[in-house]
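Undergrad: Residues in the sequence shown are numbered consecutively from 1, following full-length UniProt numbering. All residues carry an ideal CB built from backbone N, CA and C; glycine is no exception. No experiment lies behind these values; they were computed from the predicted model shown. Handing you a structure now.
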Amino acid sequence: MRWYYKFLARRPFLMVLGIGVFSLACITVSFTTKKLPDFSDATAGFEARGTAISQRLTAWRNLLEETKVGGKLVADPNDIFLEQDYYNAQHHEHKNKKHKKKKTQKTNKKKFKEKMKELKDYARNDTKSEGPSRNLDANDTFEFGRHTYGIDEDDNREMIESSNTKWMSLRNSNPPIQEIVNVGGTAGFFCGEPMKEYSHMVIQRSELNKNDSKSSLFDIDYLLGMCNLELEMQKINLYDEFCEKQSNSCCRPWSLPNYIALLSNKSSCLEIDKDDVSSVQNLLLSCHVYYINMKLSNDCEKYRCFAPVECTRHDAIYNIFHYLADMNFIKLNATSIYLSNAMLFLPIARSQSVLPLFREFEKKTLANDYVEIVAIDMGLKNVLFDECLKVDFWLLLLGATFVMFSIWIYTSSLFVTFMTLLLILFSLGIAYFVYMLVFEIPFFPFMNVLAAVVIVGIGADEAFIFIKIWRCTTEERIRNSGGGPTLSSPSTSYSDSTHRETLNSLMATTLKHAAVSMLVSSLTTAAAFYASYMTQITAIKCYGIFAGTTIIANYLLMVTWTPASVSIMERIPFSLESCMSAKVSQKLHKSITRLGKLAEDFIINAVVKLSVLWIALLGSLGIVSMVIVLYWPSIQLPDTPDFQLFDSKHPFELYDMKFRDKFWFEKSITSVDNYNLPLRFVWGVKPIDNGNYLDPFSRGELYFDNNFNMSSKESQKWLLEFCKKIKEQQFYQYSFGILMPNCFIENFVSWMNRECFDPMEEVDRSPCCKTSKFPFEPEIFEKCLILSLTTLYATPREFFTPGVAGPKFRRPDFKLNMTLSPEMKALIVEYESNVPYTLVYSDVETFVSEVEKWFSNEMKSAPVGMQNGWFTSELTFFDLQDTLSKGTVVSILISMSISLGVLLFVTLNVLVSFYAVITMTFSIFTTIAILILLGWKLNILESISISTAIGLVVDFSLHYSVHYRLSSSGSRESATIFAMSRMLGPSAMAAITTGAAGAFMMFSTILPYIQIGIFLVIVISLSWIYATLFLMSLLNVIGPQYGFMQFSYPKIGKQRKKKLNGTDFRERKNNTVVSEQLLTPSSSAVGDLINSETHELDSLTSNSVATKPTLNLPEIPQASDYERVFNRIASLSKEYRSPSTGSAVTVVLVDDHDGKI
């Protein structure tokens, strides 16, 4: 690698230019050749793919798609016969046309000439015609649609222009105004009836009146408050542009006060009084029973309503019950009314186009002294989320600014800060290029954007580590040289070659340690992200791939872009770099250093003297957290298929989560109270999903089972017995009436048991009659089944409604063969279970396992042609819940295994690694327990957060463990003090900056940003507390000492090097004065480092422990040689630790020459 070090030292501009051009090219190509991500459907990809249930659900969807018009399958054989007749007619017509074509072509010219001759003769000899006569010749023209010969050219032009003028005037004229009379039974008062497709809002009592439990929204004051509120809303800007209009004015909103005015014959809701309200209340009480018994409808003029006339007038009572009042405002057999929630329908369509109007609503206070609007549904949830996802990105930039400011303060270099910012942007750009063009993943979920929140901290941290190692290397050279020449200006006594060799040596030494240490940190974090790929949920898979790729891209840039940037920094003139940034930042740096040192001494004293207290306190907290997570209340699975996009207080989320199911018009659509899970058994189709699992819109194709054979006698007998056994199971819902389509074989056997001769039509039905005995011969079965289904599907829809159950036939290609007969390719048997549709995971799990167990046993006795059947139901949400619960555990185990492997690889001590794993486990469980207590449920984002937590918590414990192992002192206390003095400052700054970056995201309006911010603050805080207080206390009390359970790597290569040098490395004396300096005076910042940060630079010497008077640390000999320093290096100073995410705390690996730590 010497050539690479030389290239970085001598050609840094070329490296930066090459990487910059490459990165910009990747970003440009990816954004120009591919469409920008579309987040309009925020929940796309929030489903399982590849599981047994999801494969069946995908095959089921494909089966239904292929049964539609134009698909491969048909359910009604009549469709096949109609297509066959159509193609037969087309075929004969084509033949006749082809036969007549030649004959027609021969006579066309002759007929045309004869007609033209007759016309010319008629025009020439017609003496009765008025006006000038004219002769027709070959120049006479014909205009399509108009007969123009025999007309003067000027007259013809005037006629055409006149007709065109009349047509344009008709097109531009307004249609006649027609007064809407008795539309929807409202006598022109409203523009029709309220519908779900209109924008609607929930009204409650205002904050001033919420404590008044005796008041109801049906009181006159609150009704007038509603009326005033809707009138004020109509004055809002843009309302007039989006409202539905009648007679050039906006239609009246559908609201309680307006309906009371309608029923009271008042022209405005402002005119209603107490008597009107009382009258309507009495009417509602008397008509309530008719609505509950479904004897009212929204159009009693069209559909007969079995209710008194006063209950059907204007359909007002139905609309109040169904749309405007909540379900519980009248109890059964109640004598009074209490209304808590009312609905207001605006004459504005639920559409994405009304977003500007919603923005105007946000500017106003939609409330008055009596009522307020608390929830809204305008059909804008996804489009508003897409907009907010981009608008709130400034919070991420604010967090990045905070991290960059921290880097500037602790590195004293604006140039490095700016280059680090470019590195983060390039990492995201290259990752996006690889994701879209190399991996060719067409789907980019909005979850991927959250990766940028984490990479901001990680990228900044590793750049910070590199620059600190570089400066510590420079300081160590100066210190070993006894001070060396002044650094204020370049030495003129050294040649350029000497300068280059010095820079080469520094670059080699820095990269040797930084590259490996950053690799360890990047591997742990990337592994946690890539482990998310093991789940079966599309959005999580995509997030894991993109985030992991971003980490890898960041590491590759760190070992190329950052070293070249540092090399360029050393060439920046003194006035540009030091004056502009170093002086300012170093003053802040010194102040922070003094405060940090006081805090460090306090925390180290607290850990050393109160170790047992911290172990007991944090250990108990960890155990309680495990009880919370694993036992009670435990982590809950989502109980709603609607993914929350905004904060819980947002009016859109309030409507979906709190108010939607309180109104009958929503309940009738979304309610599952009267819906039981179906029992669907499918044959003839393989449960295969061969689509792209990384693309939620790729569903693959339908695969048929070539072994499927329903015509055999064995299959007929088995299916009939199967349908009888279903009805004996405890999960079967008994239904009254004839179930013709559910299991076709039962109806078919009954249909075949008819008389063979029909005396009415004088038709012989043989062999499709009682002469054929069950089981039928395959030929008879196929022939008669088609005839039976043809008759069944011809039944009037009042008596038979086709469903999804029954045989499905291949749609023949009559272009290839017009004599093909229908062939059964699939079969569906469907019944209703007695298990209500529910979102409770345990209930559905019991139902699925019970049906699967019974069906598997039945399939064992099935004939060959029926052995590949499978069961499915409405299990999409259950499959998501099941995948989240199991896939998250798998991801955690994989991440923990990788982290443990890295710990063992780095520390080479089993006991230290074991303590670190215990600390990480407690950190993770405590984090999850707090999230549970905050009300989090294991949904998509929560699963991503838990998996990512492994990578974020491992590094603090890893670095403390490594530094404990590096201590040359044999006692536990000395090793604990050594580790904390090196890692306490850097880890604290990493936690602070990461927590601050997460805190900025909590000010967002969208839930994913808020949750990722909360998660970062909690996980970083807890991981730092446990690593610093719990792990170090454990090591201080029961940690290994004097090399107990310590392993080491072979030293063959190093011992050979010592022999070649002819002397023992450890016996070399510090008799060399290092008088080189860096290429430019920018290294003068090292002078301040020597004065203010000597205690931190000593951390680069494995045998050096800074003396702390308050702790009486044992004296450890200091290294006397630069080369020895970096061959025994294993830690970074506390203040050279990056202020970034905890996942990027970086380790300098051990390179032990002594063979003993």
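Specify the secondary structure class of K390 as computed by DSSP and reduced to three states.
TA: helix
Undergrad: Compare the C-alpha of A342 against each of I1010, P778, D326 and K331 and name the closest.
TA: D326
Undergrad: In whole angstroms, what is the alpha-carbon distance linking T509 and R972?
TA: 31 Å
Undergrad: Could I get the ranges of all uninterrupted alpha helix (DSSP H) runs contained in the segment 999–1047, with 4 residues as the minimum, in chain order?
TA: Assignment of alpha helix (DSSP H) within the segment 999–1047, counting only whole runs of 4 or more residues, yields 1007–1025 and 1032–1038 in chain order.
Undergrad: Please state the DSSP three-state secondary structure of E701.
TA: coil
Undergrad: Determine the direct distance from the alpha carbon of I551 to that of T420, and round the result to whole angstroms.
TA: 14 Å
Undergrad: In three-state terms, what does DSSP make of W854?
TA: helix
Undergrad: Within its chain, find whatever has a CB closer than 8 Å to the CB of K210; leave out the 5 residues flanking it on each side and keep chain order.
TA: Q204
Undergrad: What I want to know is whether the C-beta of L630 ends up closer than 7 Å to one or more non-hydrogen atoms of the ligand FMN.
TA: Absence of the ligand FMN is noted for the structure shown, with no ligands found whatsoever.
Undergrad: What are the boundary residues of the alpha helix (DSSP H) that G901 is part of?
TA: T876 to T907
Undergrad: Does the distance from the C-beta atom of I828 to that of I930 stay below 8 Å?
TA: no
Undergrad: Helix, strand or coil: which one does DSSP assign to C743?
TA: Three-state result, C743: coil.
Undergrad: Just checking my contact of P563 with L618 at CB under 8 Å: how many whole Å lie between their CB atoms?
TA: That pair is no contact at about 40 Å.
Undergrad: Fully enclosed by the segment 806–843, which beta strand (DSSP E) runs are 3 residues long or longer?
TA: 806–810 and 824–836
Undergrad: Do P347 and C269 have their CB atoms nearer than 8 Å?
TA: no
Undergrad: If the criterion is Cβ atoms closer than 8 Å, does the pair V954 and A826 meet it?
TA: No, the pair does not count as a contact, with Cβ atoms beyond the cut-off.
Undergrad: Measuring CA to CA, which of F1015, K214, P986 and S40 is closest to K597?
TA: P986
Undergrad: Report the residue ranges of all alpha helix (DSSP H) runs contained in full by the segment 35–67; include only those spanning at least 4 residues, in chain order.
TA: Counting only runs of 4 or more residues that sit fully inside the segment 35–67, the alpha helix (DSSP H) segments are 52–66, in chain order.
Undergrad: Quick one: grab the DSSP three-state call for K254.
TA: A small fix is needed here, since residue 254 is Trp in this sequence, not Lys. Reduced to three states, the DSSP call for W254 is strand.
Undergrad: Is it buried or exposed, I898, if we count other Cβ atoms within 10 angstroms and call 16 or more buried?
TA: buried
Undergrad: Alpha carbon to alpha carbon, how far is F1044 from P12? Give it in angstroms, no decimals.
TA: 46 Å
Undergrad: What's the C-alpha gap between D79 and E666?
TA: 37 Å
Undergrad: On the three-state DSSP scale, how would you describe V864?
TA: helix
Undergrad: By a C-beta neighbour count over all protein chains shown, 10 Å radius and 16 as the cutoff for buried, is H1095 buried or exposed?
TA: Reliability of the predicted coordinates at H1095 is poor, the pLDDT of 35 falling under 50, and no value is obtained from them.
Undergrad: List the endpoints of the continuous beta strand (DSSP E) containing A342.
TA: A342 to A349
Undergrad: Between the segment 36–47 and the segment 851–869, are three or more C-beta pairs nearer than 8 Å?
TA: Touching, no, given that fewer than three Cβ pairs across the two stretches are closer than 8 Å.
Undergrad: Measure the Cβ-Cβ separation of L296 and I317 and say whether it is below 8 Å.
TA: yes
Undergrad: Which of the three DSSP states is assigned to F22 in this structure?
TA: helix
Undergrad: Using the beta-carbon count (16 or more within 10 Å), is R471 buried or exposed?
TA: buried
Undergrad: Taking 8 Å as the cut-off, does the segment 417–431 touch the segment 23–31 (at least 3 CB pairs, one atom from each stretch)?
TA: yes
Undergrad: Measure from the alpha carbon of P863 to the alpha carbon of each residue in F871, A991 and K713, then state which is nearest.
TA: K713
Undergrad: Below 7 Å CB to CB, which residues in the same chain sit around N448 once its five sequence neighbours on both sides are set aside?
TA: C542, Y543 and F546
Undergrad: Going along the chain, which residues of its own chain have a beta-carbon closer than 6 Å to the beta-carbon of W936, five neighbours each way excluded?
TA: E942
Undergrad: Would you mind sorting Y794 into buried or exposed? The rule is 16 or more other CB atoms within 10 Å of its CB.
TA: Before going further, note that residue 794 is Ala rather than Tyr in the sequence given. Answer is exposed; the Cβ neighbour count stays below 16.
Undergrad: Relative to the C-alpha of V627, which candidate in W60, I928 and W3 has its C-alpha closest?
TA: I928
Undergrad: So, using beta-carbon positions, are I918 and C388 closer together than 8 Å?
TA: no
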